[in-house]
Structures are given as C-alpha cells and as structure tokens.
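Asker: Can you keep this structure in mind? I'll have questions shortly.
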Amino acid sequence: MFGFRNSSKKHLPFPNGKHQVSCVDVMTEYSKDGVFFRIFYPASTDKKIQDEPESWFPWSPHDMYIKGIASFVNLWAFIIRLLVFLYGGTTYVPAFWEEEPIKDCKMPIVIFSHGFGASRFICSTICSDLASQGYFVAAVEHRDTSACATYYYKSEEDRDNNVRTWVRHNKLNCGPNHYTIRNKQVKFRTEEVIKVMNFLEEIQDGTAEKIVIPTKFDVLKFKNCLDLSKVALMGHSFGGATSLLALSMDSRFKLGIILDAWMFPLKDEKTLKIRQPLLFINSATFHIPSNITAIEAVMAQPNGAKREIYTIKHSTHETQTDSPFILGYWLDWFKHKVDPKLGTEINNFLIQRFLSAHTGVPQNLNTNLDAQDNIYPKYIMEGAVVGADKPRRQFLS
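According to this note's numbering, the sequence shown is numbered sequentially starting from 2.
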C-alpha cells in the first residue's frame, strides 16, 4: 500500500505508457526572479526502467525539503525521517535522469503547478505517467514561499561552489491579511508559469540561454520537439488556482486540468473568464461549500465553454500526490479510502482521456469508462461534493 519494491528499493508506481521516462532539472537566471522546474519527458532508449533500479533517483533531492514538509505538517523533521524509515525507507522515482529525448514526434506540453507546502516532485507519479504517454511535462517549483522549500543561486560562483540560497516555506496564517497574502502569491506563481512558457518557446526556436543548474544536459536537445499549439496547464490545490488565473491571462495555454482546486486566493478576482476547456477532478473530503461555489462559477462562464467535473469517491486531498506512496494516508484517518494505486490510476485515466480528446495524445486510448475492469465507475462520480463544513487550517493547500 505504501509504495512498491524492486531489487530492495522502495519506489513510486511504474509509468504505464509506451515510452521510457527521463527527467532533468532546469533553473534560469542567478536570481529569485528566474524559474525552477523539473522536466519529465519521453526518452529515446532501449533500456527498460523496471530493469534499471540503479538509474532511479530519490524522490526528495535534499534534506531541506523534508524539513519543509515537517514544518508544513507541524512535526519535527526527525519524526518525518523516522516515519519514512518505518514505512520502508527512501522512496525512489523509477525514471532515468538526463537521457536523450525522443526525436520522432513533437511533444504536447503540460505545465504543472504544485500546492501549498509541496514541490516540483510532489506529483512525480502523475507527471511520469504523462511523460510515458508522450507528453513533455514541466513541473514548476514556486518561489513565493508556498513550496515546502526551494532555492536558487545568486551567482555563477555560488553555483560552482554549490552555495544555495534557500527560499523557506512560510507557514499558513489565517489572520486578517490571509487573502491579501494568498492573492499576491497566486499572482507571483502565475508569473512563474508564464515565464516557464516563455522559456519553452525559446527552447523550441533555439534561443534559450544555458541553464543555471549544474548539468551537462543541453535543453536545446528539445529544439523543434515541442508542440506549442498543444499546451495544457495542470495544478493541484493552490496550483489549481494558479492554473486558472494563468489560463485567464494567457491564450497560449489551451487546456486546464484542475486537481482539487483551492479557490480562496481568487475569491475577489472579478475578471476570471476562462474560455479554454477545463477538467476538474475533486477529492471527496477537501471541499467546503464556498470552494464548491467558486468552482461552479468558473464552470458556468462563459456560456458554451467545455467543462467537465468529477469526484473520486473515498479519495482525500493527498490522493492526487505521491504522499500515500511515501508515508501512507495521513488525512481523514477514520474514513475508508481508495487504494493509493487505484486512486492514482483513476485520476490519471480521467486526465489522459481529457487530454487525448483535445490533443490526440495518447492515441488509441480506451476512453470507455465501463471498459476499465468494471472498477473505475464505482469510484467516479460526475459533479462536485462538499467534503467538510469548515476548512481545516493546516490543510488549506
């Protein structure tokens, strides 16, 4: 239940698509004003990741992220480390690192925005599975202090000496300035998403400058490999709000996939008109009435816009992340929950069915819900449900 094992290594679920998956981290500028993101992409290799456990890499790349997660959930870092040990030790991402990308087709793009207290790797299972289906996925790590941790280099000298300037997590405070702070953050995050899009355009036309992070990988390997006409935004929680705001501001983003959106940071945004097709996938326990009302307002405007919304029964806010594979479920302890692997499969099926309908990738996807082993329909409900009467402050991400 809490991850999988191969050759004594605990790991996230293997991707299900026909392509092998590789990753590379990208950082631009010697400044907080740059952007930091991880690319998950289909790799050109004859090797099979299931047979190459020595190629896997740790889910968390630095102890500072564990400390940030501990701060977010109000625990000491050593308790998180102990729980990781008790639940099987370090979890690995079953993907290659900096392999050659495929060259025989243009890849549609998904830009992913994480939630409060999360990171560029918090949804590695979703991102890897999309890459295995042929997508170029750019998972942003936001520097608005909402990430569990992140960093940048102030100078080339700092980079060469691995002197990182850390941007630490700023814990949630629901005081009188709560909305002002969160609205400022969501706008900062939206700017980052747009900067990533700008950089991808530079990669595609071959003008992207050398990235800051130490690597021998040249991002211009992706030149002429990106399909800029098929760009989707996907976000979880705070990232859902970020994606909606970016979609309303930039027509280069053609689709939106909104996972358990936290709508509070947008509550006073009066001009949030989104014409692009949207898919909302909600958990069963996260949403309070005001959040559902805000989602329904986006669903209703403008008239004729393509909208889909589903709730995964017995899921929680963490079902759409890697968290259940790392530490098990830790929200809503006394409620029956969907098996993490099944919950992930259902979530990914809904995402890929939506993407396939609009981009044609993956091809030949069986979109018949009733054909999915007769299990998925038991857990999928059209529409949204209220999961709580009032918000739980520490889980408002």
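Note that the Cβ used here is the ideal one computed from N, Cα and C, for glycine as well.
Report the three-state DSSP secondary structure of residue 121 (helix, strand or coil).
Answerer: Sequence index remark: in the sequence shown, residue 121 carries index 120 (1-based). Looking at residue 121 - three-state DSSP - the assignment turns out to be coil, as it is neither helix nor strand.
Asker: What are the boundary residues of the beta strand (DSSP E) that includes residue 146?
Answerer: Translated into positions along the sequence shown, residue 146 becomes position 145. Looking at the DSSP string, residue 146 is not in any beta strand (DSSP E), and its letter there is neither H nor E.
Asker: Taking the alpha carbon of residue 316 as the reference point, which residue from 230, 338, 310 and 64 has its own alpha carbon closest?
Answerer: Here residue 316 refers to the residue found at position 315 when the sequence shown is read from its first residue. For residue 316, the nearest C-alpha among the options comes from 338.
Asker: Can you check the segment 177-228 for any alpha helix (DSSP H) of at least 4 residues that lies completely inside it and give the ranges in chain order?
Answerer: Whole alpha helix (DSSP H) segments, 4+ residues: 179-206.
Asker: Just the C-alpha distance for residue 19 and residue 29, rounded to the nearest angstrom, thanks.
Answerer: Against the sequence shown, residue 19 aligns to sequence position 18. Against the sequence shown, residue 29 aligns to sequence position 28. Their backbone Cα atoms lie some 31 Å apart in a straight line.
Asker: Measuring CA to CA, which of 196, 97 and 226 is closest to residue 112?
Answerer: For the purposes of this step, residue 112 is identified with residue 111 of the sequence shown, where counting begins at 1. Comparing Cα positions, the closest option is 196.
Asker: Is residue 166 helix, strand or coil by DSSP?
Answerer: Counting from one through the sequence shown, the residue named residue 166 turns up at place 165. It is a strand residue.
Asker: In angstroms with no decimal places, state the Cα-to-Cα distance between residue 357 and residue 165.
Answerer: Residue 357 sits at position 356 when you count from the first residue of the sequence shown. Residue 165 sits at position 164 when you count from the first residue of the sequence shown. Computed Cα separation, rounded: 40 Å.
Asker: Where DSSP assigns a beta bridge to residue 330, which residues make up the other side?
Answerer: On the sequence shown, position 329 is the one that residue 330 refers to. BP columns for residue 330 are empty, so no partner.
Asker: Going by beta carbon distance, what residues of the same chain come within less than 6 Å of residue 352, once the five residues before and after it are set aside?
Answerer: The residue given as residue 352 occupies position 351 in the sequence shown. Hits under 6 Å: 258.
Asker: I believe residue 144 touches residue 33 by the beta-carbon criterion, under 8 Å. Please report the beta-carbon distance rounded to the nearest angstrom.
Answerer: Here the question's residue 144 lines up with position 143 in the sequence shown. Here the question's residue 33 lines up with position 32 in the sequence shown. Yes, residue 144 and residue 33 are in contact; Cβ-Cβ is about 6 Å, under 8 Å.
Asker: Report the CB separation of residue 191 from residue 148 in whole angstroms; it is logged as a contact under 8 Å.
Answerer: To locate residue 191, count along the sequence shown from 1; it is residue 190. To locate residue 148, count along the sequence shown from 1; it is residue 147. With a Cβ gap of about 15 Å, residue 191 and residue 148 do not count as contacting.
Asker: Taking the CB atoms as reference points, tell me whether residue 399 and residue 228 lie closer together than 8 Å.
Answerer: This structure leaves residue 399 out entirely; the chain is present only between 2 and 398.
Asker: Please state if the CB of residue 38 and the CB of residue 27 are separated by a distance shorter than 8 Å.
Answerer: Numbered from 1 along the sequence shown, position 26 holds the residue referred to as residue 27. Numbered from 1 along the sequence shown, position 37 holds the residue referred to as residue 38. Going by C-beta atoms, residue 27 is nearer than 8 Å to residue 38.
Asker: Assess, as a yes-or-no matter, whether the segment 172-181 is touched by the segment 258-271 under the definition of 3 or more beta carbon pairs within less than 8 Å.
Answerer: Cβ pair count under 8 Å is three or more, so yes.
Asker: In the structure shown, what three-state DSSP assignment does residue 26 receive?
Answerer: Taking the sequence shown and counting its residues from 1, one reaches residue 26 at position 25. Three-state result, residue 26: strand.
Asker: Look up residue 141 in the DSSP assignment and say whether it is helix, strand or coil.
Answerer: Here residue 141 corresponds to residue number 140 of the sequence shown, with the count starting at 1. Three-state DSSP puts residue 141 in a strand.
Asker: Below 8 Å on the Cβ atoms is my contact criterion, and I expect residue 313 with residue 295 to pass it. Report the Cβ-Cβ distance as a whole number of Å.
Answerer: Taking the sequence shown and counting its residues from 1, one reaches residue 313 at position 312. Taking the sequence shown and counting its residues from 1, one reaches residue 295 at position 294. Residue 313 to residue 295, Cβ: 20 Å. No contact.
Asker: Just to confirm, is the Cβ distance from residue 243 to residue 194 under 8 Å?
Answerer: Residue numbering aside, residue 243 sits at position 242 when the sequence shown is read from its first letter. Residue numbering aside, residue 194 sits at position 193 when the sequence shown is read from its first letter. Yes.
Asker: Could you tell me the distance, in whole angstroms, from the CA atom of residue 297 to the CA atom of residue 310?
Answerer: In the sequence shown, counting from the first residue as 1, residue 297 sits at position 296. In the sequence shown, counting from the first residue as 1, residue 310 sits at position 309. C-alpha separation (whole angstroms): 10 Å.
Asker: Give, in chain order, every unbroken run of the beta strand (DSSP E) that is at least 3 residues long and sits entirely within the segment 39-114.
Answerer: List check, beta strand (DSSP E) in window: 92-94 and 108-114.
Asker: According to the neighbour-count rule (16 or more other Cβ atoms, all chains shown, within 10 Å of its Cβ), is residue 175 buried or exposed?
Answerer: Counting from one through the sequence shown, the residue named residue 175 turns up at place 174. Exposed: under 16 other Cβ atoms inside 10 Å.
Asker: Please report how far the alpha carbon of residue 282 lies from the alpha carbon of residue 348, in whole angstroms.
Answerer: Residue 282 sits at position 281 when you count from the first residue of the sequence shown. Residue 348 sits at position 347 when you count from the first residue of the sequence shown. Taking the straight line joining both Cα atoms gives about 7 Å.
Asker: Buried or exposed, going by whether 16 or more other CB atoms sit within 10 Å of the CB of residue 398?
Answerer: The count along the sequence shown starts at 1 and reaches residue 398 at position 397. Note on residue 398: pLDDT 40, under 50, position unreliable in the model; the coordinate value appears next. Buried is the call here.
Asker: Which same chain residues end up closer than 6 Å to residue 10 when comparing Cβ atoms and leaving out the 5 residues on each side of it in sequence?
Answerer: Against the sequence shown, residue 10 aligns to sequence position 9. Hits under 6 Å: 54 and 93.
Asker: Can you find the residues in the same chain that come closer than 7 Å, C-beta to C-beta, to residue 218, ignoring five residues on each side of it along the sequence?
Answerer: Locating residue 218 in the sequence shown gives position 217, where the first residue counts as 1. The residues are 25 and 99.
Asker: Taking DSSP as the reference, what is the three-state secondary structure of residue 308?
Answerer: Walking along the sequence shown from the start, residue 308 turns up at place 307. Note: residue 308 maps to strand in three-state DSSP.
Asker: Buried or exposed: where does residue 121 fall if 16 or more other Cβ atoms within 10 Å of its Cβ makes it buried?
Answerer: Residue numbering aside, residue 121 sits at position 120 when the sequence shown is read from its first letter. It counts as buried.
Asker: Is the beta carbon of residue 141 closer than 8 Å to that of residue 152?
Answerer: Here residue 152 is taken as the residue at index 151 of the sequence shown, counted from 1. Here residue 141 is taken as the residue at index 140 of the sequence shown, counted from 1. No, the Cβ-Cβ distance between residue 152 and residue 141 is not below 8 Å.
Asker: What residue from 109, 255 and 290 has the CA that sits closest to residue 276's CA?
Answerer: As a working note, residue 276 is residue 275 in the sequence shown. Looking at the Cα atoms, 255 is the closest of the given residues.
Asker: Smallest Cα separation from residue 200: which of 369, 220 and 252?
Answerer: If you number the sequence shown from 1, residue 200 lands on position 199. Among 369, 220 and 252, the Cα nearest to that of residue 200 is on 220.
Asker: Hey, how far is the Cα of residue 327 from the Cα of residue 377?
Answerer: Residue mapping note: residue 327 aligns to position 326 of the sequence shown, counting from 1. Residue mapping note: residue 377 aligns to position 376 of the sequence shown, counting from 1. When rounded, the distance between both Cα atoms is 24 Å.
Asker: For residue 281, which three-state DSSP category applies?
Answerer: Here residue 281 is taken as the residue at index 280 of the sequence shown, counted from 1. Correct three-state label for residue 281: strand.
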